[in-house]
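Here's the structure, in structure tokens; my notes come after.
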Amino acid sequence: MKTTNRLARLAGIAAFVGASMGGAFAQMAPFGNDEDVSYAADLWAAMEAINLAGPDAIRSYPYEGVEPHGFVLETLYAKATLGGRTGDLVVKRNYGPAGVEIEAVQANAAQHLGAVTVMFKREAGYDDENNNWFYAKYLPDGSLDKNPAGLQLAGRVAKGMDQGCIACHSAAPGEDFIFTTDHIR
Ligand code: HEC
């Protein structure tokens with residue numbers, strides 16, 4: 199276990215260095231590669247198909263958020279089907295800017311939407327040690343946000359690193375990588 203962690207960490211550092219060097223090295227990263235980006239596009243389309251993304255998306259009750267996700271949040275739990283496989287999907291809408299009121303978000307959600315962060319349960323073997331979650335951070339138009347190194351935020355995001363989706367979500371109660379509920383593993 200220790201060795202695995204160590205290896206994951208080294209892989210993370212390699213990925214970071216790779217990312218800053220760009221080009222072929224970027225493909226070493228555990229996220230943001232071509233497969234991740236095209237999978238994220240398919241996932242967005244699947245979310246649109248069930249009205250969880252796009253202009254007609256189903257709304258939920260916005261509530262006061264916590265860092266790093268935004269000042270006001272909405273969280274929805276669903277299932278999505280991709281390539282004939284159905285998996286758990288958690289959609290978090292992140293509203294801003296700093297100090298925005300819940301009422302303002304309710305009145306005009308589209309205007310305040312900063313990002314849509316998503317976790318989708320992939321097939322066994324995708325990332326077993328992290329419960330096979332696929333992470334993505336979209337901008338409101340469905341394109342992917344990028345990290346400072348220019349890598350698109352989709353896949354095993356920041357796996358093995360000290361900060362980022364997986365590092366932070368691994369501390370969620372219930373060892374399920376989900377903070378807000380334990381009903382999904
Ligand atoms: C520094 C810690 C941290 C980082 C980094 C982080 N999150 Fe979260 N995330 C949280 C917390 C805390 C919550 C619960 C927020 C709430 O109360 O609604 C959360 C909630 C979520 C949820 C709803 C499911 C749940 O856990 O309750 C999704 C989906 C999500 N985050 C995706 C992401 C993605 C994708 C990334 C990376 C781009 C990311 N998160 C990075 C802390 C983090």
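Note that my numbering has the sequence shown beginning at 199, numbered continuously upward. Note that beta-carbon positions come from the ideal geometry of N, C-alpha and C, so glycine has one too.
Note to self: Does the contact criterion of 3 or more C-beta pairs under 8 Å hold for the region 229 to 236 versus the region 339 to 350?
What the structure shows: yes
Next item on the list: Could you tell me how far apart the beta carbons of LEU311 and LEU280 are, in whole angstroms, since I believe they sit closer than 8 Å?
Entry: Actually they are not in contact, since the Cβ atoms of LEU311 and LEU280 sit about 23 Å apart, beyond 8 Å.
Next item on the list: Measure the beta-carbon distance from VAL314 to TYR293 and round it to whole angstroms, keeping in mind my assumption that it falls under 8 Å.
Entry: Actually they do not touch by this definition, with Cβ atoms about 10 Å apart.
Check: Skipping 5 residues on each side, what residues in its chain have a beta carbon closer than 8 Å to that of LYS319?
Finding: Answer for LYS319: GLY285, ASP286, LEU287, ASN329, ASN330, TRP331, PHE332 and ILE382, listed in chain order.
Next item on the list: In angstroms with no decimal places, state the Cα-to-Cα distance between MET245 and ALA352.
Entry: 15 Å
Next item on the list: Measure the beta-carbon distance from ARG291 to GLU262 and round it to whole angstroms, keeping in mind my assumption that it falls under 8 Å.
Entry: Not really, about 14 Å apart at Cβ, beyond 8 Å.
Note to self: What does the Cβ neighbour count give for ASP234, buried or exposed, with the cut at 16 atoms within 10 Å?
What the structure shows: buried
Check: Counting contacts by CB-CB distance shorter than 7 Å, is ALA370 in contact with chain C?
Finding: You won't find chain C in this structure, because it holds only one protein chain.
Notebook entry, point to check: What are the boundary residues of the alpha helix (DSSP H) that includes TYR336?
Noted result: That residue, TYR336, is in no alpha helix (DSSP H); its beta strand (DSSP E) goes 331 to 336.
Margin query: For ALA365 and ALA302, what's the separation of their Cα atoms in angstroms?
Written below: Pairing ALA365 with ALA302, the inter-Cα distance amounts to about 32 Å.
Next item on the list: Return the chain-ordered list of same chain residues with a C-beta closer than 6 Å to the C-beta of VAL289, the five sequence neighbours on each side being excluded.
Entry: LEU250, LEU274 and VAL316
Next item on the list: Mind listing, in chain order, the continuous alpha helix (DSSP H) runs of no fewer than 4 residues lying wholly within the region 272 to 331?
Entry: Listed in chain order, the complete alpha helix (DSSP H) runs (minimum 4 residues) inside the region 272 to 331 are 300 to 305 and 307 to 310.
Check: PRO266 to PHE377, Cα distance in whole Å?
Finding: If you take the alpha carbons of PRO266 and PHE377, they lie about 13 Å apart.
Next item on the list: Say yes only if the C-beta of LYS335 is nearer than 6 Å to one or more non-hydrogen atoms of the ligand HEC, and no if none qualify.
Entry: yes
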